[in-house]
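Right, one structure below, let's go through it.
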Amino acid sequence: MLIGAHALVFTGTFDEAGLRTAIEGTTTAGFDLIEIPLMDPDGFDSQLAARMLKDNNLAVTASLGLTAQTDLSSDDPTVVARGESVLEKCLDHVATMGGDVLCGVIYSAMSKYAEPTTEARIAGSAAAIDRVAAKAADRGIRLSLEVVNRYESNLFNTGRGALAYLDRLQSDTVSVHLDSYHMNIEESDLFSPILDAGAQLGYVHIGESHRGYLGSGTVDFDELFRGLARIDYDGPVVFESFSSAVVNADLSNTLAIWRNLWEDSGDLAAHANRFIRDRIHGVDSISMH
Ligand code: MN
């Protein structure tokens, strides 16, 4: 199981200096993996990132939230085609960096919708995800679809909703990506969605209820980690936290990061690394009970 950190814990810019800050900070905090958001695939240098990752012996995944201009669930085929083209560029970056996962809100826009989705939009998104998943599989990459709360997508907001969406797909390499921050808003508890997803759970985000220090909010992490142990989850577990201390023009505004919850990325990340590993270590013993 690889334990990782989201790059926005350390930096909001992904030029050479930003990449160095994020990759070295993630390594110093003790993580195995960094998740890099590819909000600007045209401006991203994946060859440079690949060299830095190798120097730091760090594994990588990438994530993305689509926009209204690249929404795979749009009724407008030109918008869907634009979204597929952006995702294909991201797949190339992931392959260049040596990663095997592209996750996040890649099936719709990551934004608040003003109306419910429609059957046609769900079907259109699923067809597009199947096409992208085939291109991903050609590059040895799997897609994992992040379940987010109602203010960030209208296609599905629970693990069960995501499983119903996966049932529509031809591809068997697409998985569910659960995030404790979103689960804490939408799910009835933090244990059953993990059991319901089972082998279809491919990626996990660990975030607190206010997205600050782990253990300082209302997320029931004990339930969550017991669930992961119960299904023998072995995929990436990635820490996410956002503060106005680190700003990315696209992502910070989309996620409504208005408040300053911490100042010191290094301290926050080292604490999260210990917090996650300690809980995984504890629940490992459950298999002996
Ligand atoms: Mn997340």
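Take any residue in the sequence shown, count from 1 to its spot, add 741: that is its number in the working numbering.
All C-beta atoms, glycine included, are put in the ideal place defined by N, C-alpha and C.
Tell me which same chain residues have a C-beta within less than 6 Å of the C-beta of residue i, skipping the five on either side of it?
{"i": "V960", "result": "S921, N925, E949, S950"}
{"i": "A1011", "result": "A770"}
{"i": "Y906", "result": "F897"}
{"i": "E964", "result": "L931, F932"}
{"i": "R862", "result": "S814"}
Output yes or no for whether 7 Å exceeds the beta carbon distance between residue i and residue j.
{"i": "A748", "j": "I777", "result": "yes"}
{"i": "L886", "j": "H918", "result": "yes"}
{"i": "F980", "j": "R1020", "result": "no"}
{"i": "S916", "j": "G943", "result": "yes"}
{"i": "E928", "j": "T899", "result": "yes"}
{"i": "L779", "j": "F785", "result": "yes"}
{"i": "M838", "j": "A763", "result": "no"}
{"i": "V842", "j": "R883", "result": "yes"}
{"i": "V821", "j": "A869", "result": "yes"}
{"i": "L832", "j": "A800", "result": "no"}
{"i": "A803", "j": "V835", "result": "yes"}
{"i": "H923", "j": "N890", "result": "yes"}
{"i": "L743", "j": "L774", "result": "yes"}
Using only the alpha-carbon positions, how far apart do residue i and residue j sit?
{"i": "I1017", "j": "G958", "result": "15 Å"}
{"i": "G759", "j": "R880", "result": "27 Å"}
{"i": "A768", "j": "Y848", "result": "With the sequence shown as reference, residue 768 is identified as Thr, and Ala is not the correct amino acid for it. Roughly 31 Å separates the two Cα atoms."}
{"i": "S866", "j": "P977", "result": "25 Å"}
{"i": "T858", "j": "A864", "result": "11 Å"}
{"i": "E825", "j": "H1030", "result": "47 Å"}
{"i": "Y974", "j": "A903", "result": "18 Å"}
{"i": "T914", "j": "T995", "result": "28 Å"}
{"i": "E757", "j": "N797", "result": "15 Å"}
{"i": "D908", "j": "R901", "result": "11 Å"}
Identify, in the order they occur along the chain, each residue of the same chain with its Cβ nearer than 8 Å to the Cβ of residue i, setting aside the five sequence neighbours on each side.
{"i": "V827", "result": "P782, L805, L807, T811"}
{"i": "W1003", "result": "G953, Y954, S982, S984, A986, L1009"}
{"i": "Q788", "result": "T837"}
{"i": "E829", "result": "V873, K876"}
{"i": "N1014", "result": "I744, A746, A770, G771, F772, F980"}
{"i": "V737", "result": "Nothing about residue 737 can be reported from this structure: the residues present for the chain run from 742 to 1030 only."}
{"i": "I972", "result": "I935, L936, A938, G939, A940, L942"}
How would you label residue i, buried or exposed, when you count the other beta carbons within 10 angstroms and need 16 or more for buried?
{"i": "E893", "result": "buried"}
{"i": "E860", "result": "exposed"}
{"i": "L931", "result": "buried"}
{"i": "H1022", "result": "exposed"}
{"i": "G753", "result": "buried"}
{"i": "G720", "result": "Outside the displayed range of the chain (742 to 1030) lies residue 720, so it cannot be described from this structure."}
{"i": "I1027", "result": "exposed"}
{"i": "M851", "result": "buried"}
{"i": "P934", "result": "buried"}
{"i": "G840", "result": "buried"}
{"i": "L992", "result": "buried"}
{"i": "A809", "result": "exposed"}
{"i": "L813", "result": "buried"}
Given residue i, which residues of its chain have a CB within under 7 Å of its CB, disregarding the five upstream and five downstream residues?
{"i": "G1007", "result": "G766, T769, A770"}
With a cut-off of 7 Å, does the C-beta of residue i fall near any C-beta of chain B?
{"i": "D871", "result": "The chain inventory of the structure shown lacks chain B, comprising one protein chain alone."}
* Which residue spans inside the segment 906-992 form an unbroken beta strand (DSSP E) run of at least 3? -> 915-920, 942-947, 978-980
* Please go through the segment 841-899 and give each complete alpha helix (DSSP H) segment of 4 or more residues, from N-terminal end onward. => 860-879
* Counting only runs of 3+ residues fully inside the segment 786-822, write out the beta strand (DSSP E) ranges in chain order. => 800-807
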